[in-house]
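Participant:
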Amino acid sequence: MTADRHDILSEIEQQARANELRCHRLTHPRNHTSVGLLVLQCDIDAGILKSSLADLTEPSPFATPPNGKISLSKTGSLSRNIVELLQVEQARVAKTRLPCALLLVELDDFAELPQSDAAMDHLLSVCLDNLEKIDILSVYERGKIAIILPGINRHLAAKRAEAIRQAAIDRPLEEDGSLRPISVSIALSLYQASDQGSAAALLQKTTRHLTDRGTDKNCLFFIDTEAGKEDSLQVTVEERLQLFSILDRD
Amino acid sequence: MKQTKSSSAMPPTLCISSGKGGVGKTTFAVNLAAALAARKMRVLLIDGDLGLANVDVVLGLNTSRTLQETIERGTDPAALLVEAAPGFTVLPASSGVPAMADLTAFEQNELTSALEKLSRRFDAVIVDAAAGIGQSVLRFNEWCAISCLIVTPDPTSLTDAYALIKVLAARLPARRFHLLINNVKSRREGEEVYLHLQRVLHKFLHKETECLGILPQDQAAVKAIRQRKPVFKLAPETAISKAFAEIAATFMASNKLMRQSKAVLSR
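Here the protein sequences come in this chain order: A and B.
Residue numbers for the first sequence follow this note's numbering, beginning at 34 and rising by one.
Residue numbers for the second sequence follow this note's numbering, beginning at 611 and rising by one.
#1: Look at the alpha carbon of T676(B) and the alpha carbon of E801(B), and state the distance between them as a whole number of angstroms.
#2: By the criterion of Cβ-Cβ separation under 8 Å, what are the contact partners of T129(A) in chain B?
#3: DSSP has P826(B) in a bridge; who is on the other side?
#4: Kindly provide the ranges of any alpha helix (DSSP H) runs that are 4 or more residues long and lie completely inside the region 145 to 194 of chain A, ordered along the chain.
#5: What would DSSP say about I219(A), mapped onto helix, strand or coil?
#6: If we require 3 or more residues per run, which beta strand (DSSP E) segments fall completely within the region 621 to 704 of chain B?
#7: Are the CB atoms of F750(B) and T722(B) nearer to each other than 9 Å?
#8: Rounded to whole angstroms, how far is the Cβ of L759(B) from the Cβ of A771(B), which I believe are closer than 8 Å?
#9: Tell me the DSSP secondary structure of R125(A) in three-state form.
#10: Any C-beta of chain A within less than 7 Å: which residues of the region 757 to 790 of chain B qualify?
#11: In chain A, which residues lie with their C-beta within 9 Å of the C-beta of K813(B)?
#12: Does the beta-carbon distance from V794(B) to P765(B) come in below 9 Å?
#13: Quick check on A715(B) - is its C-beta less than 9 Å from some C-beta in chain A?
#14: So is S627(B) in contact with chain A if we call contact Cβ pairs under 9 Å?
#15: Mind checking which residues open and close the beta strand (DSSP E) that includes V761(B)?
#16: What are the boundary residues of the alpha helix (DSSP H) that D209(A) is part of?
#17: What residues in its chain sit with their C-beta under 8 Å from that of D828(B), if we drop five residues either side in the sequence?
#18: Taking DSSP's pairing of strands, which residues face H788(B) in a bridge?
#19: Under 8 Å by Cβ, that's how I've got P621(B) and V735(B) pegged, so tell me the actual separation to the nearest angstrom.
#20: Distance, Cα to Cα, F698(B) vs D666(B)?
#21: Any beta carbon of chain A sitting closer than 9 Å to that of L721(B)?
#22: Reducing DSSP to helix, strand and coil, say where D281(A) ends up.
#23: Interface residues of chain A around V810(B) at Cβ under 8 Å?
#24: Closer than 7 Å by beta-carbon distance: list the chain A residues that pair up with H806(B), in chain order.
#25: For P687(B), which of I835(B), R731(B), C625(B), S864(B) has the nearest alpha-carbon?
#26: Using alpha carbons as the reference points, say which of E207(A), T248(A), E117(A), T244(A) lies closest to L137(A).
#27: Closer than 7 Å by beta-carbon distance: list the chain B residues that pair up with I167(A), in chain order.
#28: Just curious, the alpha helix (DSSP H) that D770(B) is in, first and last residue?
#29: Are T239(A) and L253(A) touching if we call contact CB-CB under 9 Å?
#30: Report back the beta-carbon spacing between A645(B) and A858(B) to the nearest angstrom; my notes put them in contact at under 8 Å.
#31: Less than 9 Å separating the beta-carbons of L748(B) and L728(B)?
#32: Which chain E residues sit within Cβ distance under 7 Å of V268(A)?
#33: Which residues in chain B have a C-beta closer than 8 Å to the C-beta of G230(A)? List them in chain order.
#34: Report the residue from R175(A), L235(A), S171(A) whose alpha carbon sits nearest the alpha carbon of N114(A).
#35: Give a yes or no on contact between the region 213 to 231 of chain A and the region 128 to 145 of chain A, applying the rule of three or more CB pairs nearer than 8 Å.
#36: State yes or no: is the C-beta of L164(A) within less than 9 Å of the C-beta of I180(A)?
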């Protein structure tokens with residue numbers, strides 16, 4: 034905290050105390066510097082409020098993107114808990130009956146890349162360029178990115194996955210002034226209202242396809258839904274027959 | 611434009627759709643709006659057929675600014691309003707713009723947010739949706755509190771209306787759909803079509819509906835379209851105009867009842 038802000042806080046504190054208001058200095062939990070002043074006009078346990086504020090002032094370990102190179106304005110901060118995000122999306126699918134897709138994108142030969150952080154930056158950049166504003170992205174594991182595509186069917190999700198796969202090939206990784214060709218493997222799962230599995234199970238199932246590919250590269254896997262086919266609202270033959278039965282009366 | 615309203619509550623919003631094209635959505639939307647305006651209501655008619663609009667055509671309006679401006683430049687839709695008659699305001703859309711017929715989910719949300727603010731200045735809002743089951747049709751139905759589907763006795767119209775209800779019911783499970791039976795030879799035929807469709811909806815989808823009204827075949831309506839005027843204004847004494855007046859009265863009464871019950875509940 035700067036000296037100016039410290040002086041302002043002291044002045045407010047003096048004025049508050051002169052008016053017989055309760056004041057509490059709020060300090061950062063690690064370095065114990067003053068981060069604010071709490072002036073209470075009612076009898077609240079200041080300890081609770083202080084600990085709440087400490088949570089807010091504690092910097093998130095993922096607040097800064099790797100190397101600070103990638104703007105994540107589309108998706109918010111990195112490494113959000115993908116299972117929680119999926120649970121929220123599953124609830125939305127149940128409510129609206131619009132399916133969502135989960136893409137797991139893995140950089141092939143990630144372990145062999147000398148500059149892994151730069152490679153992840155590059156992969157993020159490739160993925161972000163192929164996302165829409167409503168899509169949700171999170172770093173999943175080293176070398177893997179999870180993407181949730183809300184309100185999308187299998188056909189469109191496959192098109193998006195293919196676009197990411199192709200973009201990775203088209204954009205080699207810059208490494209010490211030279212360009213290194215890269216590729217990604219993608220597993221795609223669709224989740225629809227008739228599916229019952231948990232978020233963790235969906236993630237596990239999708240991850241397994243990437244793990245099982247062994248040394249294969251540049252792959253795109255489509256994973257069947259639990260029901261084996263997409264929810265259909267197609268008008269059935271029986272429904273049509275019933276609808277048209279009124280015409281037979283004429 | 612003088613529409614100012616002290617209350618900021620959302621007025622009744624009615625989405626008119628059909629599945630099949632050419633069954634009389636725009637004719638109904640225009641005439642219902644005219645009938646409500648004749649009852650001193652401030653009505654906003656939104657042309658929800660965003661890529662192939664024709665509310666302006668049916669009303670004989672010359673519009674140069676459309677909702678395309680809101681999507682592309684973020685223009686406040688209030689700046690695009692056109693007054694068709696006292697108390698009857700139209701929000702025009704574009705014609706022959708494929709991009710407008712295929713808005714992304716994000717654009718649709720932006721649009722409905724902008725419309726929500728505008729709608730509060732009116733007593734009733736009607737959306738004349740596009741034919742089919744495109745995203746805009748689904749989104750407008752979600753946005754509106756009341757969904758009205760136009761059906762004619764044709765098998766294609768019956769199938770398409772049924773299919774649309776099936777899709778909408780999956781997204782809006784609590785919604786009670788209103789049916790308007792159009793282009794029937796007699797009231798009896800209209801009632802039969804309604805009851806038959808209701809039976810099928812009940813059997814397969816477990817959905818109950820309400821009959822908003824029955825509109826007879828009427829040459830006056832055809833003539834009015836050619837003259838680009840609402841038949842309700844052009845030939846108020848015809849059977850179809852009287853049916854529009856009756857539907858407007860029912861609509862007003864049911865919404866007044868809805869408002870009263872909400873007021874009682876909030877006490």
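Yeah, the Cβ is synthetic: ideal placement off N, Cα and C, and Gly gets one too.
The structure displayed is predicted, hence computed values, not measured ones.
Facilitator: A quick look at the data gives this:
#1: Numbered from its first residue, the second sequence carries residue 676(B) at position 66. Numbered from its first residue, the second sequence carries residue 801(B) at position 191. Cα-Cα distance, rounded: 38 Å.
#2: Indexing the first sequence from 1 puts residue 129(A) at position 96. Taking a Cβ-Cβ threshold of 8 Å, the residues of chain B close to T129(A) are R781, in chain order.
#3: Reading the second sequence from its first residue, position 216 is the one you call residue 826(B). P826(B) is bridged to V794(B).
#4: DSSP runs (the alpha helix (DSSP H)) wholly in the region 145 to 194 of chain A: 149 to 161.
#5: For this step, residue 219(A) is matched to residue 186 along the first sequence. Reduced to three states, the DSSP call for I219(A) is strand.
#6: You should have 623 to 627, 653 to 658, 692 to 695, 698 to 701.
#7: In the second sequence, the residue the question calls residue 750(B) occupies position 140. In the second sequence, the residue the question calls residue 722(B) occupies position 112. Yes, the Cβ-Cβ distance between F750(B) and T722(B) is below 9 Å.
#8: For this step, residue 759(B) is matched to residue 149 along the second sequence. For this step, residue 771(B) is matched to residue 161 along the second sequence. Confirmed, about 5 Å.
#9: The residue labelled residue 125(A) in the question sits at position 92 within the first sequence. DSSP places R125(A) in helix when its eight states are reduced to three.
#10: Residues P765, L768, T769, Y772, A773, K776, V777, A780, R781.
#11: Translated into the one-based positions of the second sequence, residue 813(B) becomes position 203. Simply E272, Q275.
#12: Residue numbering aside, residue 794(B) sits at position 184 when the second sequence is read from its first letter. Residue numbering aside, residue 765(B) sits at position 155 when the second sequence is read from its first letter. In terms of Cβ geometry, V794(B) and P765(B) do not form a close pair [threshold 9 Å].
#13: Working through the second sequence from its first residue, we reach residue 715(B) at position 105. A715(B) belongs to the set of residues whose beta carbon lies under 9 Å from a beta carbon in chain A.
#14: Locating residue 627(B) in the second sequence gives position 17, where the first residue counts as 1. For S627(B), no CB of chain A lies under 9 Å from its own CB, so it is not counted at the interface with that chain.
#15: Taking the second sequence and counting its residues from 1, one reaches residue 761(B) at position 151. Taken as a continuous stretch (DSSP letters only), the beta strand (DSSP E) holding V761(B) covers 756 to 761.
#16: Sequence index remark: in the first sequence, residue 209(A) carries index 176 (1-based). No alpha helix (DSSP H) holds D209(A); DSSP gives it neither H nor E.
#17: Here residue 828(B) corresponds to residue number 218 of the second sequence, with the count starting at 1. For D828(B), where only same-chain residues beyond five positions count, the Cβ hits under 8 Å are V841, T848, A849, I850.
#18: Taking the first residue of the second sequence as position 1, residue 788(B) is located at position 178. For H788(B), which the question treats as bridged, DSSP gives the partners C758(B), E820(B).
#19: Position 11 of the second sequence, counted from the start, is the residue given in the question as residue 621(B). Position 125 of the second sequence, counted from the start, is the residue given in the question as residue 735(B). Contact between P621(B) and V735(B) holds, with the beta-carbon distance rounding to 6 Å and staying under 8 Å.
#20: Indexing the second sequence from 1 puts residue 698(B) at position 88. Indexing the second sequence from 1 puts residue 666(B) at position 56. So the two alpha carbons sit approximately 13 Å from each other.
#21: Here residue 721(B) refers to the residue found at position 111 of the second sequence. Any Cβ of chain A closer than 9 Å to the Cβ of L721(B) would place that residue at the interface, and such an atom is absent.
#22: Within the first sequence, numbered from 1, the residue matching residue 281(A) stands at position 248. Of the three classes helix, strand and coil, the one that applies to D281(A) here is helix, per DSSP.
#23: For the purposes of this step, residue 810(B) is identified with residue 200 of the second sequence, where counting begins at 1. Chain A residues near V810(B): E272, Q275, L276.
#24: Sequence index remark: in the second sequence, residue 806(B) carries index 196 (1-based). Around H806(B), the beta-carbon contacts reaching into chain A at under 7 Å are I279.
#25: For the purposes of this step, residue 687(B) is taken as the residue at position 77 of the second sequence. In this structure, R731(B) is the residue among I835(B), R731(B), C625(B), S864(B) with its C-alpha nearest to the C-alpha of P687(B).
#26: Looking up residue 137(A) in the first sequence gives position 104. Of E207(A), T248(A), E117(A), T244(A), the residue nearest in Cα terms is T244(A).
#27: On the first sequence, residue 167(A) is found 134 positions in, with the first residue counted as 1. A715, F716, listed in chain order.
#28: Taking the first residue of the second sequence as position 1, residue 770(B) is located at position 160. Note, D770(B): alpha helix (DSSP H), 765 to 781.
#29: One-based indexing of the first sequence puts residue 239(A) at position 206. One-based indexing of the first sequence puts residue 253(A) at position 220. A distance of 9 Å or more separates the beta carbons of T239(A) and L253(A).
#30: The residue you call residue 645(B) lines up with position 35 of the second sequence. The residue you call residue 858(B) lines up with position 248 of the second sequence. Contact between A645(B) and A858(B) is confirmed by a C-beta separation of about 4 Å, below the 8 Å threshold.
#31: Reading the second sequence from its first residue, position 138 is the one you call residue 748(B). Reading the second sequence from its first residue, position 118 is the one you call residue 728(B). Note that the C-beta distance between L748(B) and L728(B) is not below 9 Å.
#32: No chain E appears in this structure, whose protein chains are A and B.
#33: Position 197 of the first sequence holds residue 230(A). Within chain B, no residue comes near G230(A); the closest Cβ sits about 20 Å away, beyond 8 Å.
#34: Mapped onto the first sequence, residue 114(A) falls at position 81. Comparing Cα positions, the closest option is S171(A).
#35: Between the region 213 to 231 of chain A and the region 128 to 145 of chain A there are three or more inter-stretch CB-CB distances shorter than 8 Å, so the stretches are counted as touching.
#36: Sequence index remark: in the first sequence, residue 164(A) carries index 131 (1-based). Sequence index remark: in the first sequence, residue 180(A) carries index 147 (1-based). Their beta carbons are under 9 Å apart, which means L164(A) touches I180(A) by this criterion.
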